[in-house]
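All residue numbers for the sequence shown refer to the UniProt record's numbering, where the first residue is 1 and numbers rise by one. We treat Cβ as the ideally placed atom computed from N, Cα and C, and that holds for glycine. Accompanying notes for the structure given below.
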Amino acid sequence: MRTKNLEGEVLGNILPRFKGLRVLKLEEADIDELPISIGKLKHLRYLDISGTMVERLPQSVGKLYNLQTLRIESFYLEKCPKELQNLINLRHIYFKKNAMDFPVGMGRLSNLRSLSYFIVGKEKGRGIEELGGLKHLKGKISIYHLEHVRDIEEAKKAKLAEKTNIRKLKFEWGEGRSSAINNDRDVLEGLAPHSELGILKICNFSSDQFPSWMTSGNLFSSLKILSIDNAKNLIEWTGAAIFPRLEELFLRNCNQLKSAPTHFPCLQKLTIDSMDSGMPIANISTQLTTLSHLTIKEMKELASLPEGMLKKNKKLSYLAIRSCPDLTCIAADVFGCCASLESLRIYGCPNLRTLPDGLHTLLSLKELIIRDCKSLECIPVTQGLASLCKFPIDNAKNLIEWTGAAIFPRLEELFLRNCNQLKSAPTHFPCLQKLTIDSMDSGMPIANISTQLTTLTHLTIKEMEELASLPEGMLKKNKNLSYLEIRSCPDLTCIAADVFGCCASLESLSISWCPNLRTLPDGLHTLLSLKELIIRNCDSLECIPVTQGHASLCKFPIFKCLELCILPEGLECCTSLRRLIIDECSKITSISITHGLPSLCELEISNCDELSSLPNGLQHCTSLEHLSITYCPNLEAIPSLDSLTQLRQLEIYNCDGLKGVPLTSAFTASLTRLKELEIGGFWKELDFFPAFQSDVSTST
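Following this line, the structure appears as structure tokens:
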């Protein structure tokens, strides 16, 4: 039985009729309580109330002696009755951590197989010993608040070593504990798992040493993932521990750690995070031979990546160095050992001044990302990176030189942002498709790079504060540009006449937040493939020279062009235009559309203070589905709308000077597709509309 719309009272009346019911799914049903009568379903095997608003389970749930699966994953559920421990045949139970008080007496559920987490409490029935009798547990389990376990003997009562079907295990102590009483090592000693464990995570461990089973060579024959998080007092992790199958090692916030094992013959991913010392990097990485992913981040005192850190490893494909504030250099031989490196990411290293010369040896590198390295002065790429496809440089404020005769034969994406001191850049990008130049004080990179490009499809220029003009010839060799965006260039006054002449393939042109741009060049008519033209917040723009040749234009929104007096004369040449938006163009007095736009589906005119009339050709726009005319205080009349029979949405409101609304009976009777009608806020003497009947929703 499955339902989503039963009220509690109705459910209480129905359930007793299904005495043989075995499966009841109420997942996300609109109920806030379970009826007491649910206890009469003696044969029920499966019950799911996840996602409901039920706050408490009735005590009668404890009578479902044959129940095998109980799903109560809900943020609303606050408490389970103590009778839950009577469900001795229960095999699988699922509920959300921290959403409710943890059930008492879980140890009585001796047939339990699935228990995703266990919260140790001080109360009777919530101690770690409750896990002892759950010998059939399998899969994964997380054990929280281990600070409530008194000693090694109590920990042993969990009998984790006997639970050989558990593959993923997490131990977690509470944070913010007093360091005066610390028995974490003893407790963890008593929680020794079995040798076939696949994943182990340890969080908030506070002792200075691990227990013996973490340092011996006998336990980890099958372990593949090991995570040690926030072991702030851990000093020594020594011994003869060998991890023959470990593939991923994650060390975070182990600030005092001075030594660690080095035997990881199969390690593929290593993450070292939030450590005060770089010891683990040198201690662990120098012995690795199979590493493919290395992430180093939040290393506060790391001044340099040590020499020889990857000397035995030839398989590294991913290297990320992130948020290391004291890092000033990277040893010269680091990159020399990375012939297989495909992704190099360097983020948030404000004192890094240069990269080592070995960059040119990274023949497999596909992605090089440099971000928030404000002291970086030089990128020593003197030879080509043959495989590089993506290269963003973001917020390298002191970068001056990116020089050399380097050729990037496969580079497809180049992103330059906030590199204000950059004086030179390479020009050889034979496959470049996307170029973004953002937040630069100089227009040098535009002229320096773009004039040599032949394959560019996307060009974005934004936040260029001192850019007065787009230079002539900037796209003279490029014939493939399909997308051009110019945004937030406050000093831009003009665009060179030949820029658009080289853009026969351009499909989208967006110009926004350029307050001093007065006009667009005459070459707009050559953009025969243009489908989208967006003009936004160009306060000084007086003219948009659309006169002919825009048969492909589909979308034409104009926002906040305060000096624009007239719309383009060639608007009617845009025979494919589907969407026209005119908003906050306060000086426009009229719109010239004589013969209509046959493909126009959406027309929005808003906040045009001087607009006094709409075009007579509006009645010829017979494909219109959405018509919105709002906040035009000087608009006096609207032409006949009788032919607009395809309208689905009609909005006419807050036009104070409007003296007539052409809602004739014939017109309203023809609006068989209209779904929404909103009219109102007109001239005070206009106080009625023709009466008509319709199923549409209206507001006035």
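Residue i burial status per 10 Å Cβ neighbour count (16 or more: buried)
| i | result |
| --- | --- |
| His550 | buried |
| Phe75 | exposed |
| Gly174 | exposed |
| His43 | exposed |
| Ser206 | buried |
| residue 706 | Look at the range of the chain in this structure, 1 to 700, and you will see that residue 706 is not part of it. |
| Leu671 | buried |
| Arg126 | buried |
| Asn395 | buried |
| Lys560 | buried |
| Arg2 | Only weak support is given to the placement of Arg2: the predicted model assigns it a pLDDT of 46, under 50, and the value that follows is read from those uncertain coordinates. When all chains shown are included, Arg2 counts as exposed. |
| Thr668 | buried |
| Ala332 | exposed |
| Asn639 | Note that residue 639 corresponds to Pro in the displayed sequence, not to Asn. Its Cβ having fewer than 16 others within 10 Å, Pro639 is exposed. |
| Ser450 | buried |
| Ala158 | buried |
| Gly107 | buried |
| Glu172 | buried |
First through last residue of the beta strand (DSSP E) which encompasses residue i
| i | result |
| --- | --- |
| Gly139 | Gly139 to Tyr144 |
| Arg252 | Glu248 to Arg252 |
| Glu175 | Run containing Glu175: none; DSSP gives neither H nor E here. |
| Pro392 | Lys390 to Asp394 |
| Tyr631 | First-last for Tyr631: undefined, no H or E at that position. |
| Ser529 | Segment: none, Ser529 is in no beta strand (DSSP E) and carries neither H nor E. |
| Lys201 | Ile199 to Cys203 |
| Ser340 | Neither: Ser340 is in no beta strand (DSSP E) and is coded neither H nor E. |
| Thr271 | Lys269 to Asp273 |
| Lys297 | His293 to Lys297 |
| Ala303 | Where Ala303 is concerned, there is no enclosing beta strand (DSSP E), given that its DSSP letter is neither H nor E. |
| Gly62 | Gly62 -> no beta strand (DSSP E), and no H or E assigned at all. |
Between the CA atoms of residue j and residue i - distance to the nearest angstrom
| i | j | result |
| --- | --- | --- |
| Leu677 | Ile605 | 16 Å |
| Glu73 | Arg91 | 16 Å |
| Leu21 | Leu41 | 7 Å |
| Tyr65 | Asp151 | 35 Å |
| Ile581 | Lys96 | 48 Å |
| Leu15 | Ile38 | 7 Å |
| Glu367 | Cys431 | 15 Å |
| Arg17 | Ser116 | 34 Å |
| Leu517 | Lys314 | 54 Å |
| Ala637 | Ser512 | 32 Å |
| Ser697 | Leu562 | In this prediction, Ser697 scores a pLDDT of 49, lower than 50, which makes its location untrustworthy; the coordinate-derived value is nonetheless stated afterwards. Distance between the alpha carbons of Ser697 and Leu562: 35 Å. |
| Lys4 | Ser613 | Note that Lys4 has pLDDT 41, beneath the 50 cutoff, so the model's placement of it is unreliable and the number below is only indicative. Those two C-alpha atoms are separated by around 53 Å. |
| Asn351 | Cys419 | 15 Å |
| Lys122 | Glu147 | 10 Å |
| Phe688 | Glu572 | Caution is warranted here: a pLDDT of 47 is assigned to Phe688, below 50, making its placement in the model unreliable, and no coordinate value can be reported. |
| Arg487 | Pro392 | 19 Å |
| Phe335 | Asn607 | 59 Å |
| Glu401 | Ser424 | 6 Å |
| Ile591 | Leu567 | 6 Å |
| Ser439 | Glu465 | 7 Å |
| His293 | Ile272 | 11 Å |
Range of the contiguous alpha helix (DSSP H) that encloses residue i
| i | result |
| --- | --- |
| Lys156 | Ile152 to Lys156 |
| Glu189 | Asp184 to Gly190 |
| residue 713 | Here the chain has residues from 1 to 700 only, and residue 713 is not among them. |
| Ile281 | Met279 to Ser285 |
Residues near residue i by beta carbon distance below 6 Å, same chain, minus five either side
| i | result |
| --- | --- |
| Cys621 | Gly596, Leu597 and Leu600 |
| Lys531 | Glu507, Ser552 and Cys554 |
| Ile321 | Ile296 and Ile346 |
| Tyr46 | Val23 and Thr69 |
| Glu485 | Thr460 and Ser510 |
| Arg536 | Ser512 and Phe559 |
According to DSSP, residues forming a beta bridge with residue i
| i | result |
| --- | --- |
| Cys621 | Cys621 pairs with nothing; no bridge assigned. |
| Pro557 | Ile581 |
| Arg91 | Beta-bridge pairing links Arg91 to no other residue. |
| Glu413 | Lys390 and Lys434 |
| Leu47 | Leu24 and Leu70 |
| Tyr483 | His458 and Ser508 |
| Ile330 | Leu305 |
Beta-carbon contacts of residue i that lie in its chain and below 8 Å, excluding the five residues immediately before and after
| i | result |
| --- | --- |
| Ser50 | Glu27, Glu28, Arg71, Ile72, Glu73, Ser74 and Tyr94 |
| Leu246 | Phe220, Leu223, Lys224, Ile225, Leu226, Phe264, Cys266 and Leu267 |
| Asp32 | Gly8, Thr52, Met53, Val54, Glu55 and Tyr76 |
Sequence-distant residues of the same chain with beta carbon closer than 7 Å to residue i, five excluded per side
| i | result |
| --- | --- |
| Tyr653 | Thr630, Glu678, Ile679, Gly680 and Gly681 |
| Leu520 | Ile495, Ile544 and Pro545 |
Closer than 7 Å to chain B by CB, residue i
| i | result |
| --- | --- |
| Pro545 | Annotation note: the requested chain B is absent from the structure, which comprises a single protein chain. |
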